[in-house]
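Quick notes on the structure that follows.
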Amino acid sequence: MELMSPAGNLKSLIAAIEAGADSIYMGYLKFNARRPADNFDVVLLKKVVDFAHSKGKKIYLVLNIDLKSSELSEALRVIEYSVKINIDAIIVKDYGLVSILSSYYKGKIQFHASTQIAITSSEGALFAQKTGFSRIVLARELDIDEIKAITEKITISTEVFVEGSMCFSVSGRCLMSSWVGGRSGNRGGCTAPCRLQWDSSGKKYTFFSMKDMLLVSRLSDIEKSGVDSLKIEGRLKSYAWVYAITKVYREALAIVDDKEKIENFKSELSKYSARDTGEGHFFGHSDLIGSNDNWDNYKKGTEVSLEINPGLFDIVIIIDIIESENNNLICRVQVENTVESMEFAKPLPAKKGRSVELTEIKSTIQSLIEYKTAVININVTEHTAAATQILKIAETIVNKVKLLVKRVNELPVVSDELKKVVEYNYEDFNRPVAVGGFPDKLLIDYTQFSYFANEEKIKNIKTITAEIVSLPDINILKKIAKKYNLIISLPHIIYEKDIEFYKKMISQLVAEGLTHFEANSFTGISLISTVECSKYAGIGIPVYNHLAADFLFKQGFQSVYCAYEAESAVIEALSKTVRGSVEVLVYSKLALFISRVDGADFKDGAVFKDKIGTEVECRSYGGTKHFISKKQFSLIDEKVKKMNISADSLTADIRHTKNTNEIMKKLFTGNFDENDSSSFNFFGKLV
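All residue numbers for the sequence shown refer to the numbering used here, where the first residue is 59 and numbers rise by one.
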């Protein structure tokens, strides 16, 4: 099995290689889920790729966040540069990037499905394989049997996390950080509210803080499950930590069946976590919550001496200063392979003030320049010059260096053909409804089916989307279908044990004439791809950019949803760029966490409150725990309407509301208590 280590900076990359990693995953300066890490600029990225390859190691670049349309152009240039410098693979989440990679870079670079895509079943894995992914980073919520079921049915490689921090929420499905502060975990801005103390019925505890994963003692089981790559989490950790953890796993992989030594390794590794440690979801979903404050025996890793060749990774800067025939100064500035020259009039002695030796230009540049490894050569005739002139010349040279450094760190320009792929112009598509208005579509759950089957048709509602998490009464669904356009929605998360149930249910519903289906995941997309039906992308596949929408339309979907955590500018951009039906969620009791974690504290109806007043209520739903915001999300508002953003349909998600009659009255009056409602990030900015 491949051993993959994290690198948030250069020293961590060197540490990983020296400790025995087979591959290293790392981020560019932008567009990755660990923005606080130092990450790697253009010049350094090429140097580390060349270095790693010279050592027989692979480099994987993470572009594993959701992207706005305005960010696609630069992200495309990152991909283009990755191909140019022979990055081994790119790890992606965004459907827009998937569209670009599968259409325009097929055969040029491999791409891996990030754990943030939340591939939870063999059906989802098969769709990833069909799409062109060469590897899947499996969702961290899977147990060992589910992993085995996936690896047995696909031919592409799989990867799992074996060490490091764990998220409470299902991969790629967390809204909490975004909800409380506009910093999205889906865009690399998570502030980890799950690590804080919450209050539940007077008990204050870190209810959502997961134990760190430690699977060194389970390597044999993982190998038997068919996994190809083991991943260590930790791009924010120190290089010493990366070295220590990688070294232990490297040694453990050589003796996976030596139980005594492996147990010693487990004991040693537990000291490198300030939290309790466990085995994640691999062997069950209980006893996963731990303490955050085990600092007494915490080890950050022993400082190690790394073999870093001086100058190998430094940006090349050479400054040559000579005299011309007319005694002017000629300065040649080289930054990497870019060279520019400047000429200065011969500096003269000061008439007033201080004069210095002309050769002091060198020391003056050294005092001003940021890059202390810059080579400065000066070959001039000794004479004095005004100190002010020397300073001015030195400042001009240093500014030129800064300019060239910026230039060499620019991403390459892509072809006109590729530019057209990401370019977009705002158009008026004459969409029929204004965001901020009343909904024309409802999303309901199984507890509400009878209500809508038996009540008179609601005048404003054209479509009802019914989410199925258990075997429905088809006659009730047919009664709903007589009054409304009925869409059957598959859950956001479907695990292996439920695949056959959903296959049979879909076939049965189609046979009964119910042929409109909504997918909310890779698994859902795969399940409805095998039947003749009308397809819709649900709120579980939120779209942040026009290329993500295009990707879904190419899969046969008739409509897409704007990402409901996004700000108004993103929704407006989608409304004016997407060539297809655009829907907007305007009401919901949002699930801020969706988790597979079992525990005595997570009973139905349990309420949790943080120190700033955020409240969530636990609800068991479809085999997972949903932590529903007590405050409702609503864009049914005249202030929203004044933004003049249009859509093809507006949806109210009433699945998690307790009184259907009451909410139906409020939906068509907009009579929501401002203190009990939030527009999420609509009037802010999603970070």
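We put the CB at the ideal spot given by N, CA and C, even for glycine.
Inter-residue spacing [alpha-carbon to alpha-carbon] between residue i and residue j
| i | j | result |
| --- | --- | --- |
| Ala79 | Val463 | 31 Å |
| Ile373 | Lys634 | 43 Å |
| Leu277 | Leu567 | 43 Å |
| Val391 | Ile423 | 12 Å |
| Ile712 | Gly494 | 17 Å |
| Glu60 | Thr682 | 31 Å |
| Gln168 | Asn122 | 14 Å |
| Thr529 | Met563 | Note that residue 529 is Leu in the sequence shown, not Thr. Their backbone Cα atoms lie some 7 Å apart in a straight line. |
| Ile597 | Ala73 | 42 Å |
| Gly182 | Ser425 | 57 Å |
| Ser6 | Gln187 | An answer regarding residue 6 cannot be provided, because it is not within the stretch 59 to 745 covered by the chain. |
| Leu346 | Ser653 | 11 Å |
| Leu585 | Glu514 | 33 Å |
| Lys661 | Val156 | 38 Å |
| Phe402 | Ala443 | 13 Å |
| Gly582 | Ile375 | 53 Å |
| His604 | Ser127 | 6 Å |
In DSSP terms, what residue i is bridged to
| i | result |
| --- | --- |
| Tyr542 | Paired residues: none, contrary to the question. |
| His684 | Ile652, Arg677 |
| Ile303 | DSSP output for Ile303 lists no bridge partner at all. |
| Phe615 | Lys593 |
| Met271 | Gly222, Gly336 |
| Gly85 | Val120 |
| Tyr263 | Trp256 |
| Met62 | Ser81, Lys289 |
| Phe666 | Val674 |
| Ile347 | Met268 |
| Thr216 | Ile194 |
| His550 | For His550, which the question treats as bridged, DSSP gives no partner whatsoever. |
Contacting residues, own chain, Cβ-Cβ under 7 Å from residue i (five flanking each side not counted)
| i | result |
| --- | --- |
| Tyr162 | Leu476, Val479 |
| Ile175 | Lys151, Gly230, Phe580 |
| Thr715 | Lys647, Ile721 |
| Ala539 | Leu572 |
| Ser242 | Ser235, Ser236, Glu623, Leu744, Val745 |
| Ala511 | Ile534, Lys537, Ile538 |
| Lys667 | Trp256, Asp257, Glu673 |
Neighbour-count burial assignment, residue i, 16 or more Cβ in a 10 Å radius
| i | result |
| --- | --- |
| Gly292 | buried |
| Ile448 | buried |
| Val433 | exposed |
| Thr505 | exposed |
| Ser678 | exposed |
| Glu321 | exposed |
| Pro470 | exposed |
| Leu370 | exposed |
| Ser259 | exposed |
| Ile670 | exposed |
| Phe609 | buried |
Secondary structure of residue i, DSSP reduced to three states
| i | result |
| --- | --- |
| His111 | helix |
| Lys723 | helix |
| Met701 | coil |
| Gly190 | coil |
| Pro790 | The requested residue 790 is not part of the displayed model; the chain covers only 59 to 745. |
| Leu364 | coil |
| Ser180 | helix |
| Lys404 | coil |
| Leu416 | coil |
| Leu501 | strand |
| Ala229 | According to the sequence shown, residue 229 is Ser rather than Ala. Note: Ser229 maps to coil in three-state DSSP. |
| Thr588 | coil |
| His170 | strand |
| Phe741 | coil |
| Phe559 | helix |
| Leu387 | strand |
| His441 | coil |
| Ser328 | helix |
| Glu199 | coil |
Contacting residues, own chain, Cβ-Cβ under 6 Å from residue i (five flanking each side not counted)
| i | result |
| --- | --- |
| Leu650 | Leu233, Met234, Trp237, Val674, Phe685, Ser687 |
| Asp659 | Phe265 |
| Ile377 | Val391, Ile434 |
| Ser349 | Asp334 |
| Asp503 | Glu525, Arg713 |
Cβ shell of residue i (< 8 Å), same chain only, five flanking positions each side left out
| i | result |
| --- | --- |
| Ser215 | Ser192, Arg193, Ile194, Asp286, Ser287 |
| Leu294 | Gly66, Arg92, Pro94, Ala95 |
| His111 | Ile117, Asn144 |
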